[in-house]
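These notes concern the structure reproduced below.
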Amino acid sequence: SKYLENKVKWLNSTFKLPRDVYVAFGECGFTNAFYVSSIPEPEPTPKPKQKAAIVICYEYVERSYEMMEYLVTPGKGDRYIDKNLICKPGKNCPSAEKRTINVVDFVVYHELGHALIDVYDLPIPTAEEDNADSLAAYILLEFGEGYGNDAIRDAAWRYLLTSQIEDLPVSAYADTHSLNIQRFFNLTCFAYGSDPSSNRDLVQSGLLDRDRAKGCTQEYKKLVSSWKQHLTPNMQTSTYTSPTPTPTPT
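Basically our numbering = 1-based index in the sequence shown + 405.
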C-alpha cells in the first residue's frame, strides 16, 4: 500500500526540516508509538549527523485493529457508543481495517507534532502531548480532504472505548498524556469546532457536553491560528497540499 512512502513524500514536500526524521514501523515488544530525537550511529562515523525517528509499533497497530473491530461489532462497541454514531444512517459503514488506518494516521501526525516541536525548537511551554494531539487534528481536519473528519472521530472512539475498560492506577494521573477520556473530549471538540454540521450528532447524543460544545468553534480557530503561526515559516511553500489517503487493504 506504500503507506509510509506516501506519508514521507507528503512530509518532505510540505516541511523544510533542518535534519532527517525517519518514519518506520517496528516490532517493539510493547504497545506504543513514539518519537526519538536522536538515533545512535555506529562508531566510528565521520561527521555524524543527528537523526531522529518516528516509530509506530506493530503492537500498537494490532491493538488499534482490535479496538476498531470491537467498535463495529454489534453488541460490543454500541454498548458504549450509539450505533448511529459509529455508522451514520444512510452511509456505508467503514470497516475495522479502514478505521485502523485512520487511527494510525492520527498517531503518525501526533508523533510528527513531537518531531516538529523538537526540530524547530517551537516555544511550547508545557503539555506537549496535548499540543501533539492538536497538531494531528490540525493536519487531518484542515488538509485531510474527504477523510480527516472520519479519522479524528475514529481516534476519538479509540480513546473513549479505552477509557471505559481501563482500571487506572494512581500513576496514570501523573502521566504527561491527558487521560484517554479527556483526549476523547478534546478530539470531539476539535471535530465539532471544525465542522459543526457534520458533527452535530456528537452533541445531540450527549457524548460531547453542550457547555463544552459552545466554545469549540473558537477553540478550533485558536488551534488553527497557533499552528499556522508556528509552521508557516518552516513550509516548503505557503500552499498546503492534502496528505494522500491510504486505500483500505483488500
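The beta carbon of each residue, even a glycine, is placed where N, CA and C say it ideally should be. Quick caveat, the model's predicted, so the values are computed rather than measured.
Strand pairing of residue i, partner residues [DSSP]
i: residue 663; result: Because the chain in this structure spans residues 406 to 655, residue 663 falls outside the shown range and cannot be described.
i: residue 459; result: 428, 440
Cβ-Cβ distance between residue i and residue j below 9 Å
i: residue 482; j: residue 546; result: no
i: residue 527; j: residue 635; result: yes
i: residue 516; j: residue 438; result: yes
i: residue 459; j: residue 511; result: no
i: residue 425; j: residue 457; result: yes
i: residue 554; j: residue 599; result: yes
i: residue 463; j: residue 492; result: no
i: residue 436; j: residue 465; result: yes
Backbone CA spacing between residue i and residue j [nearest angstrom]
i: residue 523; j: residue 442; result: 7 Å
i: residue 655; j: residue 498; result: For residue 655, the pLDDT reaches just 42, beneath the cut-off of 50, and the residue's location in the model is therefore unreliable, although a value from the coordinates is still provided. So the two alpha carbons sit approximately 16 Å from each other.
i: residue 444; j: residue 630; result: 33 Å
i: residue 619; j: residue 605; result: 12 Å
i: residue 520; j: residue 470; result: 25 Å
i: residue 529; j: residue 410; result: 29 Å
i: residue 423; j: residue 484; result: 48 Å
i: residue 637; j: residue 539; result: 16 Å
i: residue 440; j: residue 532; result: 16 Å
i: residue 407; j: residue 607; result: 33 Å
i: residue 550; j: residue 525; result: 26 Å
i: residue 479; j: residue 564; result: 19 Å
i: residue 623; j: residue 612; result: 19 Å
i: residue 428; j: residue 414; result: 11 Å
i: residue 537; j: residue 569; result: 23 Å
i: residue 625; j: residue 617; result: 12 Å
i: residue 582; j: residue 559; result: 19 Å
i: residue 552; j: residue 496; result: 14 Å
Candidates the options, of which the one nearest residue i by Cα
i: residue 542; options: 525, 610, 601, 518; result: 518
i: residue 387; options: 418, 584, 480; result: This structure cannot speak to residue 387, because the chain is shown only from 406 to 655.
i: residue 461; options: 425, 412, 485, 488; result: 412
i: residue 601; options: 425, 621, 589, 610; result: 621
i: residue 501; options: 431, 509, 417; result: 509
i: residue 431; options: 456, 423, 417, 467; result: 467
i: residue 610; options: 623, 593, 625, 539; result: 593
i: residue 535; options: 639, 479, 598, 590; result: 590
i: residue 587; options: 614, 603, 598; result: 614
i: residue 641; options: 415, 533, 421; result: 421
i: residue 513; options: 525, 480, 416; result: 416
i: residue 544; options: 628, 429, 624, 435; result: 628
i: residue 632; options: 436, 427, 478, 548; result: 548
i: residue 603; options: 435, 494, 616; result: 494
Cutoff 9 Å: residue i Cβ touching any chain B Cβ
i: residue 563; result: Here chain B cannot be found, since the structure has a single protein chain.
Any non-hydrogen atom of the ligand GDP closer than 8 Å to residue i Cβ
i: residue 638; result: In terms of ligand content, the structure shown is empty, and the ligand GDP therefore cannot be addressed.
Review point. Contact between the stretch 502–519 and the stretch 467–483: three or more CB pairs below 8 Å?
Key: yes
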